[in-house]
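2 protein chains.
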Amino acid sequence: MAQSDLHDKIIDLAKRRGIFWPSFEIYGGVAGFYDFGPVGVFIKRSIIDLWLKFFVYSQENVIEIETPIINPRVVFKASGHEEHFTDPVVECSSCGKVFRADHLVKEFTGIDVEGRSLREIDEVIRKYDLKCPECGGIFKPASSALLLFATEIGPYKGSPGYLRPEHAQGMFINFAKILRVVGEKLPLGLAQVGKVARNEISPRQALLRLREFTIMEVEFFFDPERESAESKNISESVMNEKLRVVTADMRMKGIEEPIEITVKELIENRVVKSAWLAYWMGIGNLFVKSLGIPAGKIRFFEKLPHERAHYSAQTFDQEVYTSRYGWIEVAGYAYRTTYDLERHAEFSKADLTYYRKYEAPIIKTIEVAYPNPQEILKLLGASKYSEVMRELSQHNPEELFRELLVNNSVVAAGISLPRECFIIKKEEVKIHGEKIYPHVVEPSFGVERLFYVVLEYAYSERDGKVVLKLPPHIAPYHVAVFPLVAGKKPEHQRMIDIAKSIYRDLVKRGFRVLYDEEGSIGKRYARVDEIGVPYAVTVDYQTLEDNTVTVRDRDTTQQIRIDINKLPEYLNTLILRELNLNMFQ
Amino acid sequence: MAQSDLHDKIIDLAKRRGIFWPSFEIYGGVAGFYDFGPVGVFIKRSIIDLWLKFFVYSQENVIEIETPIINPRVVFKASGHEEHFTDPVVECSSCGKVFRADHLVKEFTGIDVEGRSLREIDEVIRKYDLKCPECGGIFKPASSALLLFATEIGPYKGSPGYLRPEHAQGMFINFAKILRVVGEKLPLGLAQVGKVARNEISPRQALLRLREFTIMEVEFFFDPERESAESKNISESVMNEKLRVVTADMRMKGIEEPIEITVKELIENRVVKSAWLAYWMGIGNLFVKSLGIPAGKIRFFEKLPHERAHYSAQTFDQEVYTSRYGWIEVAGYAYRTTYDLERHAEFSKADLTYYRKYEAPIIKTIEVAYPNPQEILKLLGASKYSEVMRELSQHNPEELFRELLVNNSVVAAGISLPRECFIIKKEEVKIHGEKIYPHVVEPSFGVERLFYVVLEYAYSERDGKVVLKLPPHIAPYHVAVFPLVAGKKPEHQRMIDIAKSIYRDLVKRGFRVLYDEEGSIGKRYARVDEIGVPYAVTVDYQTLEDNTVTVRDRDTTQQIRIDINKLPEYLNTLILRELNLNMFQ
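This is the structure we're talking about:
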């Protein structure tokens, strides 16, 4: 089939089988919102389940949490989003229509102004004399539009809130609390799956740019001094995973053809600023491949400094090649350093540090000053003595020494005490550790974009009919169950009874199962091929004799016979056969 | 243990083990928002999975969809929420604090004014001379506060939106589209699980009244004329399910002790206005029992007319008894009739009807009028003839007859045509069906409330330690895997390797698995008892000899030995043992 119309074929299939469609159609639609039908919900959930296996369940140090979508304003003030999470827009001074400025400039001049200042954008608009494409009007100067959805929390005015555009802040503000619960150990990954909202200017491209969508994210907290030692434990299968990478350096030189490089090499050649960033890119490569995307259609594309989000010291986009839109981002890997924790500590005054225990305590010699009771009594007499001594006892000897060093005296209870009132000496102390802000790397996936690229690579046709070759572990249903003939005769009723009992047993065991008795068996096979059900079990006449059923393979259309009792384990083996979780540490 | 402090013990446990906690604590907290830690996320997800098994996967006519949280305003204008989804509030004229008026009245007078008018509430406040509990100030007259979170969609002012407070509208506005996809068949249930938001006035009671929470909901569409016949197919196990019910009639007579009544009797005695309402109450009773709630602690409490939501013709709350708050609602069963579909049809002008095909066409005799060309030509002459005939052809003969009946003439192209211009006759027509609005019943569950009551009934203590006796199918982890000793000796390393490989295999197969090697085995058992892990597998010295492991039961502390290869199937049997899905049709 021609690559160029693959996108349309998928939209067609989605519409026909109710996989997904634009929301609010009866009200004329609202750009940037999509609904999912039953097949879509199942595929989405399977992608999420698989992500959880790769990024949470198989990771010893990662746990999953859930935090609210609605946040008080202060969270996104502290995070820097209120200031930076904007898009440049231009408004037509005649018709009032608002356009995303960088998209407009790109479309009409070919110039990429992503991450450039409003002034630079205005210059390009002036230079090329760009006018409103709707009415030919002149544009007002470019401005920044905040992409956060705003709301008010509670019955009072003045309690503004925002819908989260990412999960990250929910992890950062809870980091210190969860660190205590897990026993103050790093590295610690906090994962979250859920809805986010971004008030895009003019969303297009169906599932690829939505105003409300699902994100799967890990914030991985680590001690940068231990990173090198800890990352030595990364399993060989991840270390040897080959990625296709385009670095920022390469891009600066005009090279966009990726190099093939292993996770190990990314770390050793210092292509990445954090070993953990490379680790998660490796896991992400394994994950996206396990969705059925060919390795050669995946690349990691490093962002240039001006293209990066405000919190990131290094960012790679994981991109997948699509028929209509070329390379599109399905995940971002950002090295957020200590940015977020420090900002939240500043805004909340809470202690968000990690206590780095030293392997062995450090011995340090310090100078200290102790109050000399005799001298103080002599100087002040008994009346003031105890008040002064009480106040001095609130300060530690190191502090007292420093104050003497600076002022040559210490003030207590309003009285200035000279150097003679103190005994100064040197002491050895053991320092067991220090407080640090952990560093953070973040792999973050958009589910709906993965969903779309999965459909592109699963789509195929056989004899003019659609066969969706989804990997079994992300199929909407693992298996379909059919009675061969669903008639009124007693033997047909028995087929129905057996088929339904197989269906019930498999549902109970956690399989996703479709039961269908309508139309010819051929039509039923075609219907399940189209939505990607990998196996179809048919109860036929022979079943009534010997308790066996046929299992048909979607991709080969071959059938084998198997005893009903062996079905659950057999299906399990088939479904898990292609699922490689060898990266388990 | 004393029932009165069970609530505190659960809050303690939740805090200590990071199960759930108030959100935004570093910023002083925001009422009505809670975070979930890893154990909480797993239990929540297990409750959702179980609900899906009961309400979706085992129901032949129910499919799951996903629609947006953010909706354009028109959706909640049409649904009536903008007008009715409010709470009465009173504001203090001195300090400006806002209180929920019905809660305030209840607290200080004991009078229940739920669903009463603002005027009635003001009367009670005046009669009892209620003052602001904060400052003693006088209240302004009661007013209605809208409980929808408001936002703006897109870069333009004047595109208001709301966050959904329920899923229902997402199902109603998509009903006609999905009906086409599934082949125009009723009954049809549309299910959805996801976040909703309600801008409560002053949320309290931890997980029981949240501003953002998760709802699991089915909108079940049916033809009321077929209901009686179709509900005959309800399985015996659901028909015979016994519910504890307090009807509105009983409440009017002051009786609050529930009667025990089967689903079948609810239908036959017409206690419910729809048989499907009783069906879903039966499924809901089975579901809540399977969460570990004793049957005697569940009741269905019918709302009085003034307590019902604006869209409901009959509502039962499913309530569970709690230690501190008494009976609390965990689900609502509302008979929404045709209210929502008719409203959306009115506001959108879309056709949201179902075409009810008759079993056999109905033959009807109707009167019709056909234009008589000769007479018209005679009356008008050739010049106007064709224009008039063209316009008449746009109307069907039945319409023309009706116009003649009323006006004794028909106007076409501005010319009045008398009765003589038409041939009137009787005709027989076959009518194959008619358009109707389906009726809707809705079971709707709040996940966080279920979560809380599940913890209350699972909580127990043994030798002064917490044992959370969760049913295995909703435990946060199905199984824990331990190496007996995790030391440096080669045999200990082998234990670790085997334990990790069991862990990996079980994760891959879809079990929720916890791996732990820290501290003594006794402490590890205690740690998993506390969060409700039903089984713990230990790899010990004997494992190294004969490939068997011990499996310990949380509730009995008994251990049995089993071959590693038999572990997955054995655990499956244990976990599913108590899960009764016999209501399968």
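Which chain is which? The protein sequence lines are A and B, in order. Our numbering puts the first sequence at residues 616 to 1200. Our numbering puts the second sequence at residues 616 to 1200. Backbone N, C-alpha and C fix where the C-beta goes; we use that ideal spot for every residue, glycine too. A quick note: this is a predicted structure, and the numbers were derived from the prediction, not measured.
Inset, instruction - Just the C-alpha distance for LEU1194 of chain A and VAL690 of chain A, rounded to the nearest angstrom, thanks. - result: In the first sequence, residue 1194 of chain A corresponds to position 579, counting from 1. In the first sequence, residue 690 of chain A corresponds to position 75, counting from 1. Roughly 39 Å separates the two Cα atoms.
Legend entry - Closer than 7 Å to chain B by CB, ILE1146 of chain A: Counting from 1 along the first sequence, the entry for residue 1146 of chain A is found at position 531. Not one chain B Cβ lies under 7 Å of ILE1146 of chain A.
Inset, instruction - Measure from the C-beta of ILE1190 of chain A to each C-beta in chain B and report whether the shortest distance is under 7 Å. - result: Here residue 1190 of chain A refers to the residue found at position 575 when the first sequence is read from its first residue. Not one chain B Cβ lies under 7 Å of ILE1190 of chain A.
Legend entry - Expected contact under 8 Å - CB spacing of ILE1113 of chain B and THR1158 of chain B to nearest Å: Taking the first residue of the second sequence as 1, we reach residue 1113 of chain B at position 498. Taking the first residue of the second sequence as 1, we reach residue 1158 of chain B at position 543. Rounded to whole angstroms, the Cβ separation of ILE1113 of chain B and THR1158 of chain B is 6 Å, and the two are in contact under 8 Å.
Inset, instruction - With distances taken Cα to Cα, identify the nearest neighbour of ASP932 of chain B among B:TYR940, B:ARG923 and B:SER938. - result: Here residue 932 of chain B is taken as the residue at index 317 of the second sequence, counted from 1. The option with the nearest alpha carbon to ASP932 of chain B is B:ARG923.
Legend entry - Rounded Cβ spacing between LEU1182 of chain B and ILE1136 of chain B (contact assumed at less than 8 Å): In the second sequence, the residue the question calls residue 1182 of chain B occupies position 567. In the second sequence, the residue the question calls residue 1136 of chain B occupies position 521. That pair is no contact at about 18 Å.
Inset, instruction - Helix, strand or coil for PRO1087 of chain A, going by three-state DSSP, please let me know. - result: Within the first sequence, residue 1087 of chain A is the residue found at index 472, counting from 1. Of the three classes helix, strand and coil, the one that applies to PRO1087 of chain A here is helix, per DSSP.
Inset, instruction - Starting from the Cα of ASN1180 of chain B, find the closest Cα among B:ASN1162, B:GLY643, B:ARG1167 and B:CYS707 and give me that residue. - result: The sequence position of residue 1180 of chain B within the second sequence is 565, counting from 1. The option with the nearest alpha carbon to ASN1180 of chain B is B:ASN1162.
Inset, instruction - Round the Cβ separation of GLY1061 of chain B and VAL945 of chain B to the nearest angstrom and send it over; I've been treating them as touching at under 8 Å. - result: Within the second sequence, the letter at position 446 stands for residue 1061 of chain B. Within the second sequence, the letter at position 330 stands for residue 945 of chain B. Between the beta-carbon of GLY1061 of chain B and that of VAL945 of chain B there is about 6 Å, and that keeps the pair under the 8 Å contact cut.
Legend entry - Proximity test, Cβ basis, 7 Å: GLY899 of chain B and chain A: What you label residue 899 of chain B is simply residue 284 of the second sequence in a count that begins at 1. With 7 Å as the cut-off, GLY899 of chain B does not count as an interface residue toward chain A.
Legend entry - Proximity to ALA1028 of chain A [Cα-Cα], best of A:VAL1044, A:VAL1021, A:VAL1055 and A:LYS999: Locating residue 1028 of chain A in the first sequence gives position 413, counting from the first residue. Nearest C-alpha to ALA1028 of chain A: A:LYS999.
Legend entry - Candidates B:THR1171, B:LEU1186 and B:ARG1169: closest to ILE1177 of chain B by CA position: As a working mapping, residue 1177 of chain B is identified with position 562 in the second sequence. When only C-alpha atoms are compared, the closest one is B:LEU1186.
Inset, instruction - Would you kindly check if the distance between the Cβ of GLU729 of chain A and the Cβ of ASP717 of chain A is under 7 Å? - result: In the first sequence, the residue the question calls residue 717 of chain A occupies position 102. In the first sequence, the residue the question calls residue 729 of chain A occupies position 114. The answer is yes: Cβ separation under 7 Å.
Inset, instruction - Rank A:ILE788, A:SER759 and A:PRO1033 by C-alpha distance to the C-alpha of GLU815 of chain A and give the top, closest one. - result: Position 200 of the first sequence, counted from the start, is the residue given in the question as residue 815 of chain A. GLU815 of chain A has its Cα closest to that of A:SER759, out of A:ILE788, A:SER759 and A:PRO1033.
Inset, instruction - State the CB to CB distance for the pair GLU675 of chain A and VAL833 of chain A, rounded to an integer number of angstroms; the pair is presumed to be in contact (CB under 8 Å). - result: Locating residue 675 of chain A in the first sequence gives position 60, where the first residue counts as 1. Locating residue 833 of chain A in the first sequence gives position 218, where the first residue counts as 1. Actually they do not touch by this definition, with Cβ atoms about 13 Å apart.
Legend entry - ARG819 of chain B, buried or exposed, once every other Cβ within 10 Å from all chains shown has been counted against 16: To locate residue 819 of chain B, count along the second sequence from 1; it is residue 204. Counting Cβ neighbours within 10 Å, ARG819 of chain B comes out exposed, since fewer than 16 surround it.
Inset, instruction - Ignore the nearest five residues each way along the sequence and tell me which others in GLY652 of chain B's own chain have a CB closer than 8 Å to its CB. - result: Sequence index remark: in the second sequence, residue 652 of chain B carries index 37 (1-based). Cβ within range, chain order: ARG632, GLY633, ILE634, PHE635 and TRP636.
Legend entry - LYS800 of chain B versus TYR771 of chain A: straight-line alpha-carbon distance, rounded: What you label residue 800 of chain B is simply residue 185 of the second sequence in a count that begins at 1. What you label residue 771 of chain A is simply residue 156 of the first sequence in a count that begins at 1. About 47 Å.
Inset, instruction - Compare the C-alpha of ASN900 of chain A against each of A:ASN884, A:MET867, A:GLU871 and A:VAL935 and name the closest. - result: In the first sequence, residue 900 of chain A corresponds to position 285, counting from 1. It is A:VAL935 whose Cα lies nearest to the Cα of ASN900 of chain A.
Inset, instruction - Specify whether the stretch 671-686 of chain B and the stretch 846-857 of chain B touch according to this definition: at least 3 beta carbon pairs, one from each stretch, less than 8 Å apart. - result: Segments in contact, no.
Legend entry - Residues from the stretch 826-840 of chain B in contact with chain A, defined by Cβ distance under 8 Å: ARG826 and GLU827
Inset, instruction - For THR682 of chain A, decide whether its Cβ has a neighbour in chain B, counting only Cβ atoms nearer than 7 Å. - result: Translated into the one-based positions of the first sequence, residue 682 of chain A becomes position 67. Closer than 7 Å: yes.
Legend entry - Extent of the continuous beta strand (DSSP E) to which GLY804 of chain B belongs: Locating residue 804 of chain B in the second sequence gives position 189, where the first residue counts as 1. Where GLY804 of chain B is concerned, the enclosing beta strand (DSSP E) stretches over 803-812.
Inset, instruction - Say whether chain B places a C-beta atom closer than 7 Å to the C-beta of ILE816 of chain A. - result: Position 201 of the first sequence, counted from the start, is the residue given in the question as residue 816 of chain A. Yes, ILE816 of chain A counts as interfacial toward chain B.
Inset, instruction - Could you work out which residues of chain B lie near ARG1142 of chain A, taking near to mean beta carbons separated by less than 7 Å? - result: Here the question's residue 1142 of chain A lines up with position 527 in the first sequence. None at all; the shortest Cβ gap to chain B is about 11 Å.
Legend entry - CYS707 of chain A, buried or exposed, once every other Cβ within 10 Å from all chains shown has been counted against 16: Within the first sequence, numbered from 1, the residue matching residue 707 of chain A stands at position 92. Looking at its Cβ environment, which holds 16 or more other Cβ atoms inside 10 Å, CYS707 of chain A is buried.
Legend entry - Ranges of the alpha helix (DSSP H) found wholly within the stretch 1164-1194 of chain B, counting only runs of at least 4: List check, alpha helix (DSSP H) in window: 1182-1192.
Legend entry - Unbroken alpha helix (DSSP H) run spanning THR877 of chain A, endpoints: Along the first sequence, one-based indexing puts residue 877 of chain A at 262. Not the alpha helix (DSSP H): THR877 of chain A falls in the beta strand (DSSP E), residues 874-877.
Inset, instruction - Can you give me the start and stop residues for the beta strand (DSSP E) that VAL704 of chain B sits inside? - result: Working through the second sequence from its first residue, we reach residue 704 of chain B at position 89. First-last of the beta strand (DSSP E) with VAL704 of chain B: 701-706.
Inset, instruction - Taking HIS1093 of chain B and PHE1126 of chain B to be in contact with their CB atoms under 8 Å, please state how far apart those CB atoms are, rounded to whole angstroms. - result: Start at 1 with the first residue of the second sequence, and residue 1093 of chain B comes out as number 478. Start at 1 with the first residue of the second sequence, and residue 1126 of chain B comes out as number 511. Rounded, the Cβ-Cβ distance is 5 Å, consistent with contact.
Legend entry - Residue from B:GLY798, B:THR1188 and B:THR1153 with nearest C-alpha to TYR969 of chain B: Start at 1 with the first residue of the second sequence, and residue 969 of chain B comes out as number 354. Nearest C-alpha to TYR969 of chain B: B:GLY798.
Inset, instruction - Please confirm if PRO1201 of chain B has its CB atom under 7 Å from at least one CB of chain A. - result: Any answer about residue 1201 of chain B is impossible in this case: the structure gives chain B only from 616 up to 1200.
Legend entry - Proximal residues to LYS746 of chain B (C-beta, below 8 Å), its chain only, five neighbours per side dropped: Numbered from 1 along the second sequence, position 131 holds the residue referred to as residue 746 of chain B. Within the same chain, LYS746 of chain B has close Cβ partners GLY752, ILE753 and PHE754.
Legend entry - Where ASN987 of chain B sits in the DSSP three-state scheme: Here residue 987 of chain B is taken as the residue at index 372 of the second sequence, counted from 1. Coil at ASN987 of chain B, not helix or strand.
Inset, instruction - Please state whether DSSP places GLU974 of chain A in a helix, a strand or coil. - result: Residue numbering aside, residue 974 of chain A sits at position 359 when the first sequence is read from its first letter. Residue state, collapsed to three classes: strand.
Inset, instruction - Thinking LYS888 of chain A and TYR950 of chain A are a contact (beta carbons under 8 Å), I'd like their distance in whole angstroms, please. - result: On the first sequence, residue 888 of chain A is found 273 positions in, with the first residue counted as 1. On the first sequence, residue 950 of chain A is found 335 positions in, with the first residue counted as 1. In this structure LYS888 of chain A is in contact with TYR950 of chain A, their Cβ atoms being roughly 5 Å apart against a cut-off of 8 Å.
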